[in-house]
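Student:
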Amino acid sequence: MTAILRRIATISTELGNRLDVLVSGVQSRAEERGEATQARLADIIALVALFSALLVVATGVIGYVLSAYLREAQERRRLALFPERNPNPVINLDASGALAYANPGAVAMVAALGLASPLALLPGDLRSRLDQVRHGGSERLRWEYPVGERIIGISIHRLEDSGTFHVYLADVTERQQAQAQLEFQAFHDVLTQLPNRRRFEDMLGEALAAGPAGAVLLLGLDRLPTVVHTLGHAFADRLLFKIAERLAPLANGDLPGCRIYRFDGELFAALLPRIAAAEDAAAFAARVARDMAPPFVIDGREMFFSFSVGIANFPEDGAIVGDLLRNADTALQAAKRAGGRTAVRYTGAMNARALERLEVEHELRSVVERGELELHYQPQLEIGGGRIIGAEALVRWRHPFKGMISPADFIPLAEETGAISDIGAWVLATACAQNRQWQEAGLPPMIMAVNISPRQFADPELPQTVLRALRASGLAPEWLELEVTEGAAMHDVDRAIAALHAFKAIGVRLSIDDFGTGYSSLAYLKR
72 MTAILRRIAT ISTELGNRLD VLVSGVQSRA EERGEATQAR LADIIALVAL
122 FSALLVVATG VIGYVLSAYL REAQERRRLA LFPERNPNPV INLDASGALA
172 YANPGAVAMV AALGLASPLA LLPGDLRSRL DQVRHGGSER LRWEYPVGER
222 IIGISIHRLE DSGTFHVYLA DVTERQQAQA QLEFQAFHDV LTQLPNRRRF
272 EDMLGEALAA GPAGAVLLLG LDRLPTVVHT LGHAFADRLL FKIAERLAPL
322 ANGDLPGCRI YRFDGELFAA LLPRIAAAED AAAFAARVAR DMAPPFVIDG
372 REMFFSFSVG IANFPEDGAI VGDLLRNADT ALQAAKRAGG RTAVRYTGAM
422 NARALERLEV EHELRSVVER GELELHYQPQ LEIGGGRIIG AEALVRWRHP
472 FKGMISPADF IPLAEETGAI SDIGAWVLAT ACAQNRQWQE AGLPPMIMAV
522 NISPRQFADP ELPQTVLRAL RASGLAPEWL ELEVTEGAAM HDVDRAIAAL
572 HAFKAIGVRL SIDDFGTGYS SLAYLKR
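Under my numbering, the letters of the sequence shown match residues 72 to 598, in that order.
Set out below in structure tokens:
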């Protein structure tokens, strides 16, 4: 019995050990399978996530492609309707260039121009132009051409995918006319319709580059400022238009390429791009003088006018535009100083005189302050008895380096620059003071005559200047006589009469100088 129990115990122990081994094996396998299942589950989850991401991306791509397709389809539909809805003329041509379609805008243009069909809108060289688009490597071509009295602008666009053409048309007549008008105004004078200074300089530059000898003539109309001040700008404009009409035919003379130009104001110009001899320019100036000799009749007035002409030949008087114009103007100023109505050819010595004139003009501005002026007194005699009854004050300029300068050399410059106002005031004050000194020295009272320049006479402050000179010197007004030139007095008659009344109120004497050399109007004299 004991042996049996021992055997049972041994078997039980072995069985327990085996059962432990089995349980341990099962547990180990279960753990291994759990880990494998967990790993496989993680792989499945990763695959699901990847698939989901791919699905999202695919959905996005498909959505984008679909959206793009829908947009493209919508754009194609819009473009397909574009010619129909476009108010501008549009024509479609097939690949061979035949008319395929004309939109309502093109049909309306056909009706407006009175044409038979839309084909009449297209240019005659259309097929060669289409070949140019096909083989020229350009998808677009633009140009303009006439259709009847209108100008049509065309733009051709070739569609690569189909080989067909879209033709866009526009009536550009008004734009062309406006552009032509702007170009004309840029190179022509609005009043006279003659070419202007800009055009002159361009043509002169071309003539200089071409090489042949030529000439430039500046034509300064004499006495135009007097016309403007007396009869007004509107009358002067009509006069300038008439003068331009008379000058224009000169361009059709014997000198090749001759043209007449209008610069501004009273200044015209002539360009002779080719002359055989220097005398040709002088002969042309003489022809201008002959053509200007007949009177101009404007608003019932018969008037005579002439030109002062400055001539510069090229290349001897200048090889660039600026030099020639400057030298021609120097000659023109010399012609004006000579009294006008004459032609003067430029010489090199004129520049030296012009520089000297410029220096004189500059020094005139402070000649009074520097004390370089002096008065000389010319006696006025009584014809019957020969006694001195007055004196005329004559201004002289004693330059510290140049010596005595003639009034003919500085008075016109002083008049132009306005320096005559200061000089005139000094002359009045000095002459009045001298006359008063003579009276205080016991000499018989006599009249002191002082010349009043046109610019002084036009100054509304002149009466006050005269009063200051009388008061400062103590001279009685009856011993001062103001000499006014006829031209200054008749320049603006109403203003002149008002000024003369002001002088009469002061009590000074008045006289008209150079009577008979200007207007010579007894009616004006009576007023």
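Positions of the beta carbon are idealized from the N, C-alpha and C atoms, including for glycine.
Source: prediction; values computed, not measured.
#1: I need the straight-line Cα distance from Ser-83 to Thr-108, nearest angstrom please.
#2: From the DSSP output, which residues share a beta bridge with Thr-556?
#3: Can you list, in chain order, the residues of its chain with a C-beta nearer than 7 Å to that of Leu-170? Leave out the 5 residues immediately preceding and following it.
#4: List the DSSP bridge partners of Ser-226.
#5: Over what stretch of residues does the beta strand (DSSP E) that includes Ile-523 continue unbroken?
#6: What does DSSP give as the partner residues of Tyr-276 in its beta bridges?
#7: Thinking C-beta only, is Asp-242 closer than 8 Å to Met-180?
#8: Based on DSSP bridge pairs, tell me the residues matched to Tyr-332.
#9: Whole alpha helix (DSSP H) runs in the region 380-463 with 4 or more residues, listed along the chain?
#10: Using 8 Å for Cβ pairs, my map puts Gly-168 next to Leu-197. What's the rounded Cβ distance?
#11: Which residues in the same chain as Gly-578 place their Cβ atom closer than 7 Å to its Cβ, once the five residues preceding and following it in sequence are excluded?
#12: Which residue marks the beginning of the beta strand (DSSP E) containing Ile-162, and which one marks its end?
#13: Going by alpha carbons, who is nearest to Leu-499 out of Gln-451, Ala-543, Gly-489?
#14: Check Glu-85 in the structure and name its three-state DSSP category.
#15: Would DSSP call Leu-125 helix, strand or coil?
#16: Helix, strand or coil: which one does DSSP assign to Val-375?
#17: In chain order, what residues of the same chain have a beta carbon less than 6 Å from the beta carbon of Ile-476, not counting five sequence neighbours either side?
#18: If I follow the unbroken beta strand (DSSP E) through Val-287, where does it start and stop?
#19: Going by beta-carbon coordinates alone, are Pro-298 and Ala-307 separated by less than 8 Å?
#20: Assign Ile-476 to one of three DSSP states: helix, strand, or coil.
#21: Determine the direct distance from the alpha carbon of Thr-501 to that of Val-380, and round the result to whole angstroms.
#22: How far does the alpha helix (DSSP H) with Ala-573 in it reach, from first residue to last?
#23: Looking only at its chain, what residues have a beta carbon closer than 8 Å to the beta carbon of Ser-582, apart from the 5 residues adjacent to it on each side?
#24: For Asp-199, is the classification buried or exposed, using 16 other Cβ atoms within 10 angstroms of its Cβ as the cut-off for buried?
#25: Measuring straight from C-alpha to C-alpha, what distance separates Pro-534 and Ala-315?
#26: Thinking C-alpha only, which one of Ile-391, Leu-290, Phe-574 is nearest Ala-357?
#27: Alpha carbon to alpha carbon, how far is Arg-111 from Glu-85? Give it in angstroms, no decimals.
#28: Quick check on Glu-103: buried or exposed, where buried means 16 or more other Cβ atoms within 10 Å of its Cβ?
#29: Does the pairing of the region 521-540 with the region 490-498 give three or more beta-carbon distances under 8 Å?
#30: Relative to the C-alpha of Leu-546, which residue among Glu-487, Arg-566, Ile-518 is closest?
#31: Roughly how many angstroms separate the alpha carbons of Phe-255 and Tyr-216, rounded to a whole number?
#32: Using CA atoms only, rank isn't needed, just tell me which of Val-238, Pro-266, Ile-222 is closest to Ala-249.
#33: Can you check whether the C-beta of Gly-456 is within less than 8 Å of a C-beta belonging to chain D?
#34: Is Ala-352 near Asn-384, with beta carbons less than 8 Å apart?
#35: Taking DSSP as the reference, what is the three-state secondary structure of Ile-133?
#36: Nearest CA to the CA of Ala-349: which residue from Thr-418, Val-178, Ile-391?
Tutor: Concretely, from the data shown:
#1: One-based indexing of the sequence shown puts residue 83 at position 12. One-based indexing of the sequence shown puts residue 108 at position 37. Near 36 Å, if we compare the C-alpha coordinates of Thr-108 and Ser-83.
#2: Locating residue 556 in the sequence shown gives position 485, where the first residue counts as 1. In DSSP, Thr-556 forms a bridge with Asp-584.
#3: As a working note, residue 170 is residue 99 in the sequence shown. Apart from the 5 residues on each side of it in sequence, Leu-170 sits with its Cβ closer than 7 Å to the Cβ of Ile-162, Leu-164, Pro-189, Leu-190 in its chain, given in chain order.
#4: Here residue 226 is taken as the residue at index 155 of the sequence shown, counted from 1. Beta-bridge partners assigned by DSSP to Ser-226: Arg-213, Tyr-239.
#5: The residue you call residue 523 lines up with position 452 of the sequence shown. Run containing Ile-523: 518-523, per the beta strand (DSSP E) assignment.
#6: Along the sequence shown, read from residue 1 onward, the residue named residue 276 stands at position 205. In the sequence as displayed, the identity of residue 276 is Gly instead of Tyr. Residue pairing by DSSP places Gly-276 in no beta bridge whatsoever.
#7: Counted from its first residue, the sequence shown places residue 180 at position 109. Counted from its first residue, the sequence shown places residue 242 at position 171. Yes, the pair counts as a contact, with Cβ atoms nearer than the cut-off.
#8: One-based indexing of the sequence shown puts residue 332 at position 261. Answer by DSSP bridge pairing, in chain order: Ala-340.
#9: Runs of the alpha helix (DSSP H) lying entirely within the region 380-463 and spanning at least 4 residues, in chain order: 392-408, 420-435.
#10: Here the question's residue 168 lines up with position 97 in the sequence shown. Here the question's residue 197 lines up with position 126 in the sequence shown. 7 Å between Cβ atoms; contact.
#11: Taking the first residue of the sequence shown as position 1, residue 578 is located at position 507. So the list reads Pro-548, Glu-549, once near-sequence residues are dropped.
#12: Position 91 of the sequence shown holds residue 162. Bounds of the beta strand (DSSP E) holding Ile-162 are 161-164.
#13: Residue 499 sits at position 428 when you count from the first residue of the sequence shown. Per the C-alpha coordinates, the member of Gln-451, Ala-543, Gly-489 positioned closest to Leu-499 is Ala-543.
#14: Numbered from its first residue, the sequence shown carries residue 85 at position 14. If DSSP states are grouped into helix, strand and coil, Glu-85 belongs with the helices.
#15: Translated into positions along the sequence shown, residue 125 becomes position 54. Leu-125 falls in the helix class under three-state DSSP.
#16: As a working note, residue 375 is residue 304 in the sequence shown. The sequence as given places Phe at residue 375; Val does not occur at that position. Secondary structure of Phe-375 (DSSP, three-state): coil.
#17: Here residue 476 is taken as the residue at index 405 of the sequence shown, counted from 1. Hits under 6 Å: Trp-468, His-470.
#18: Taking the first residue of the sequence shown as position 1, residue 287 is located at position 216. Here the beta strand (DSSP E) through Val-287 covers 285-292.
#19: Reading the sequence shown from its first residue, position 227 is the one you call residue 298. Reading the sequence shown from its first residue, position 236 is the one you call residue 307. Residue identity differs from the one stated: residue 298 is Val in this sequence, not Pro. Cβ distance < 8 Å, so Val-298 and Ala-307 count as in contact.
#20: Position 405 of the sequence shown holds residue 476. Ile-476 sits in a strand when the DSSP states are folded into three classes.
#21: Counted from its first residue, the sequence shown places residue 380 at position 309. Counted from its first residue, the sequence shown places residue 501 at position 430. Computed Cα separation, rounded: 40 Å.
#22: The sequence position of residue 573 within the sequence shown is 502, counting from 1. Per DSSP, Ala-573 belongs to the alpha helix (DSSP H) from 564-577.
#23: Counting from one through the sequence shown, the residue named residue 582 turns up at place 511. Excluding residues within five positions, the ones whose Cβ falls inside 8 Å are Ala-520, Glu-552, Leu-553, Glu-554, Val-555.
#24: Translated into the one-based positions of the sequence shown, residue 199 becomes position 128. Here residue 199 is Ser; the residue named in the question, Asp, does not match the sequence. That one is exposed.
#25: Position 463 of the sequence shown, counted from the start, is the residue given in the question as residue 534. Position 244 of the sequence shown, counted from the start, is the residue given in the question as residue 315. Going by C-alpha positions, Pro-534 is about 42 Å away from Ala-315.
#26: The residue you call residue 357 lines up with position 286 of the sequence shown. Minimum Cα distance to Ala-357 is reached at Leu-290.
#27: As a first step, residue 85 is located in the sequence shown; it is residue number 14 there, counting from the start. As a first step, residue 111 is located in the sequence shown; it is residue number 40 there, counting from the start. Within the model, the alpha-carbon separation for Glu-85 versus Arg-111 is close to 38 Å.
#28: Along the sequence shown, read from residue 1 onward, the residue named residue 103 stands at position 32. An exposed status is given to Glu-103, since fewer than 16 other beta-carbon atoms sit within 10 Å of its beta-carbon.
#29: Touching, per the Cβ criterion.
#30: Numbered from its first residue, the sequence shown carries residue 546 at position 475. Ranking Glu-487, Arg-566, Ile-518 by CA distance to the CA of Leu-546 puts Ile-518 first.
#31: Sequence index remark: in the sequence shown, residue 255 carries index 184 (1-based). Sequence index remark: in the sequence shown, residue 216 carries index 145 (1-based). Roughly 21 Å separates the two Cα atoms.
#32: Along the sequence shown, read from residue 1 onward, the residue named residue 249 stands at position 178. Of the residues Val-238, Pro-266, Ile-222, the one whose Cα lies closest to the Cα of Ala-249 is Ile-222.
#33: The chain inventory of the structure shown lacks chain D, comprising one protein chain alone.
#34: Residue 352 sits at position 281 when you count from the first residue of the sequence shown. Residue 384 sits at position 313 when you count from the first residue of the sequence shown. In this structure, Asn-384 lies closer than 8 Å to Ala-352 by Cβ.
#35: Locating residue 133 in the sequence shown gives position 62, counting from the first residue. Helix at Ile-133.
#36: What you label residue 349 is simply residue 278 of the sequence shown in a count that begins at 1. Its Cα nearest to that of Ala-349, the residue Thr-418 stands out among Thr-418, Val-178, Ile-391.
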